[in-house]
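Input: a single structure, listed below in structure tokens.
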Amino acid sequence: MVSTTFEHLDANKQQRVLAALVTEFSQYPLAQAQVARIVKQADIARGAFYKYFSDLKDAYQYAFKEVIGRLHTGIAGPEMRRDPYAATAAFLHEADESKDRDFIRLHFTKNSGLVSVGEAPISENAIEWAVTTLCHSAISQALANPDQADLILKHLKAALKQLHVKES
Numbered sequence: 001m002v003s004t005t006f007e008h009l010d011a012n013k014q015q016r017v018l019a020a021l022v023t024e025f026s027q028y029p030l031a032q033a034q035v036a037r038i039v040k041q042a043d044i045a046r047g048a049f050y051k052y053f054s055d056l057k058d059a060y061q062y063a064f065k066e067v068i069g070r071l072h073t074g075i076a077g078p079e080m081r082r083d084p085y086a087a088t089a090a091f092l093h094e095a096d097e098s099k100d101r102d103f104i105r106l107h108f109t110k111n112s113g114l115v116s117v118g119e120a121p122i123s124e125n126a127i128e129w130a131v132t133t134l135c136h137s138a139i140s141q142a143l144a145n146p147d148q149a150d151l152i153l154k155h156l157k158a159a160l161k162q163l164h165v166k167e168s
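Be aware that the sequence shown starts at 1, since it is given in the UniProt record's numbering, and climbs by one per residue.
Written as structure tokens, this is what we have:
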């Protein structure tokens, strides 16, 4: 969790730190990331890094939430409920076209099991839970195996049809 010290920084400095985090975590899995490279790119002192974040995992979790928030803009919430297939395909397209593409791919191929980035609450409705689980699994598999994304989306569409989820 980012510190209040970080939250009180001016927006430009916050963005500089975030950009350095995203660059580092786009090029290196969390296990190989280095504070030294982050602080050099962000032009901050090493001690400042530890005033903002408790450790690299904490910094990663912050960066992930920011990146995933940018990708979810406009395709989460009601759109997901109306047409989960279209929302999943749109998310994959946005991720592929995003400047954060390498960060997202490394997350799903190397980092997702190393950190807890906050999960959505489990729905009381079994169908909603199944749809959410299928869509997230499809995203994970398609980002980890981009050459099979079309097949994964085809399977998702068929599975959603079996669950009687209507397309809009």
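Note that CB positions come from ideal geometry on N, CA and C, so glycine has one too.
Please read all numbers here as calculations on a predicted model, not as lab measurements.
Cβ neighbours of residue 122 within its own chain (closer than 8 angstroms, five residues either side excluded): 129.
In this structure, residue 62 places its C-beta atom within 8 angstroms of the C-beta atom of residue 2.
Under the 10 Å beta carbon count, residue 107 is surrounded by 16 or more other beta carbons and is classified as buried.
Classified as buried, residue 33 has 16 or more neighbouring CB atoms from the shown chains inside 10 Å of its CB. 51 is the residue among 92, 156 and 51 whose C-alpha sits nearest the C-alpha of residue 7. In this structure, residue 152 places its C-beta atom within 8 angstroms of the C-beta atom of residue 141. For residue 4, the uninterrupted alpha helix (DSSP H) segment begins and ends at 4-7.
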